[in-house]
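Numbering (the working numbering), first residue to last: 717 to 992.
Structure, rendered in structure tokens:
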């Protein structure tokens, strides 16, 4: 009997050592997208999950099919919500367009956590190019939303690729099989830590990313209180000049804010930033 008890205690100890130790101030979180399908958020909440990071979209025009559903359901169960955007930009110009697209998706949503840039497609880019793209995106996203965004990356890229120009943004770092990140590169510390891509959480079918988040992932009081940008959804028959007159602005300003190359091409349902 003692031998079995000792064996059982060893198993428990080994399992506990394999799991990251949570500080009292840290929150458990998952990040989700269409890959998880329909999620039972009541079960997720009961499993001790506090923060839900929802994929809003990808690139300059792709919206995640479960974006709205995940937002509504997570909000229904009073979970703390953040959004992330999978960036595919290869130039600074594309980065700015994609930041605008992400901002247009989330500016009317109520969130508790910082919007996050997920920039993984860096193959073929020089270090200088990748950093210029990331800085332009983060700078424009902060300007368009009024929120200082978080920056998501894996530990290797944090260590060898990203420069100090990004270190002012809260770091959400991914590294699996360790109790804490091996390195934070140019950052002083991490704010989010994705420690597994094979997590199991009640309410989620299949595997899901597991995360620990520090207090810095939450929006500050001043960020929440400041005035949000004015956003307009284009209707059938609208023209840019008509919208400009309605809001007391100019076509040129709308072109600049929304990175519009042809003022004659706007589409019903498109969201335009009117005023920052």
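Ideal placement from N, C-alpha and C gives every residue a C-beta, glycine not left out.
For residue 853, the enclosing alpha helix (DSSP H) has its first and last residue at 843 to 861.
Counting only residues of its own chain and dropping the five nearest sequence neighbours on each side, residue 811 has a CB closer than 6 Å to the CB of 805, 849, 852 and 853.
Under the DSSP definition of a beta bridge, residue 888 partners with 868 and 908.
Residue 749 and residue 768 have their C-alpha atoms roughly 10 Å apart.
Taking C-beta separations shorter than 6 Å and ignoring five residues to either side along the sequence, the partners of residue 883 in its chain run 902 and 903, following chain order. With a cut-off of 8 Å on Cβ pairs, the stretch 786 to 795 is in contact with the stretch 756 to 767, counting three or more such pairs.
Across the structure, residue 952 and residue 784 are spaced so that their CA atoms are roughly 23 Å apart. DSSP places residue 802 inside the beta strand (DSSP E), whose first and last residues are 796 to 802.
Per the coordinates, the alpha-carbon of residue 844 lies some 15 Å from the alpha-carbon of residue 836.
Closest in C-alpha terms to residue 988, from the list 888, 815 and 895, comes 815. The stretch 818 to 830 makes contact with the stretch 860 to 876, as at least three CB pairs between them are under 8 Å. In the three-state reduction of the DSSP assignment, residue 914 falls in the strand class. For the beta strand (DSSP E) assignment, the uninterrupted runs of no fewer than 3 residues enclosed by the stretch 743 to 806 are, from N- to C-terminal side, 743 to 748, 767 to 774 and 796 to 802.
Assigned with DSSP and collapsed to three states, residue 980 falls in coil, not helix or strand. Using a 10 angstroms sphere on the CB of residue 888, the tally of other CB atoms reaches 16 or more, which defines it as buried. For residue 915, same chain residues with a beta-carbon under 6 Å away, outside a window of 5 residues either side, are 924 and 926 in chain order. Counting only the Cα atoms, residue 842 lies some 36 Å from residue 946.
Taking the C-beta atoms as reference points, residue 973 is found no nearer than 8 Å to residue 956.
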